[in-house]
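In full-length UniProt numbering, the protein residues as written are 1 to 201.
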């Protein structure tokens, strides 16, 4: 496409943000990298949808996007919800840019492929992320959807890094649950998600 319209993509403006290997719960498994690019307000840019994977396009701040998701105005997959919760830590674009540059200039910082492991509970579906107390040590692409008869309360743990969706109710939406995760030994530049959106700010 770039050759056809005689343009060069500004790949130097892209920052790697995170990488996901789709959990076994997904109908289609994917291995994808999320990128971030920042644009000045004056940048002549338009966004478009493709009528298949996307049906409309809009510029939204992370908290507004999550609010619209919970109001059923937008559909997101778990990785998108999780990453929006992480982006919510940056209240100013300048803070995000500063963080991205810091990551880009740190030779020890690398994004890691994240594989969510799905547990089916009688009352909820739980998608465990690495670092959660219940995350299997031997997790791999072939790990199936797991199940347990434990209640959500019994499946609770001191260290949580997960998304939870209740099986019944009017508002069946993924909620981010992250507590007591400590990444000081691994990656000082990792940003934890805000819990359940932005109510905690």
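By construction, the Cβ of each residue, glycine as well, lies at the ideal position given by its N, Cα and C atoms.
Give me the Cα-Cα distance between residue i and residue j, rounded to the nearest whole angstrom.
{"i": "residue 170", "j": "residue 115", "result": "28 Å"}
{"i": "residue 185", "j": "residue 7", "result": "Confidence at residue 185 is low in this model, with a pLDDT of 42, below 50, so its placement is unreliable and the value that follows should be read with caution. Cα to Cα, the separation comes out at about 43 Å."}
{"i": "residue 78", "j": "residue 59", "result": "20 Å"}
{"i": "residue 113", "j": "residue 81", "result": "17 Å"}
{"i": "residue 156", "j": "residue 139", "result": "19 Å"}
{"i": "residue 13", "j": "residue 152", "result": "43 Å"}
{"i": "residue 178", "j": "residue 48", "result": "34 Å"}
{"i": "residue 37", "j": "residue 147", "result": "39 Å"}
{"i": "residue 17", "j": "residue 98", "result": "14 Å"}
{"i": "residue 70", "j": "residue 127", "result": "18 Å"}
{"i": "residue 150", "j": "residue 3", "result": "56 Å"}
{"i": "residue 15", "j": "residue 52", "result": "26 Å"}
{"i": "residue 94", "j": "residue 176", "result": "25 Å"}
{"i": "residue 168", "j": "residue 72", "result": "16 Å"}
{"i": "residue 204", "j": "residue 27", "result": "The structure shown does not extend to residue 204, since the chain spans only 1 to 201, so no value can be given for it."}
{"i": "residue 61", "j": "residue 100", "result": "17 Å"}
{"i": "residue 10", "j": "residue 34", "result": "16 Å"}
{"i": "residue 194", "j": "residue 136", "result": "23 Å"}
{"i": "residue 164", "j": "residue 125", "result": "6 Å"}
{"i": "residue 89", "j": "residue 39", "result": "19 Å"}
{"i": "residue 197", "j": "residue 31", "result": "Note on residue 197: pLDDT 41, under 50, position unreliable in the model; the coordinate value appears next. Whole-angstrom Cα-Cα distance: 25 Å."}
Please determine, among the options, the residue with the shortest C-alpha to C-alpha distance to residue i.
{"i": "residue 119", "options": "11, 23 and 110", "result": "23"}
{"i": "residue 129", "options": "3, 83 and 16", "result": "83"}
{"i": "residue 121", "options": "166, 172, 25 and 35", "result": "166"}
{"i": "residue 172", "options": "19, 102, 32 and 76", "result": "76"}
{"i": "residue 160", "options": "181, 174, 142 and 154", "result": "181"}
What is the C-beta distance between residue i and residue j, in whole angstroms, given that I count them as a contact (C-beta under 8 Å)?
{"i": "residue 133", "j": "residue 158", "result": "6 Å"}
{"i": "residue 86", "j": "residue 191", "result": "5 Å"}
Problem set entry | Segment contact, 8 Å Cβ cut-off, at least three pairs: the segment 65–73 with the segment 46–56 | no
Problem set entry | Segments assigned beta strand (DSSP E), at least 3 residues, entirely inside the segment 107–155 | 113–115, 117–120 and 124–128
For this session: Can you check the segment 30–96 for any beta strand (DSSP E) of at least 3 residues that lies completely inside it and give the ranges in chain order?
Result: 31–36
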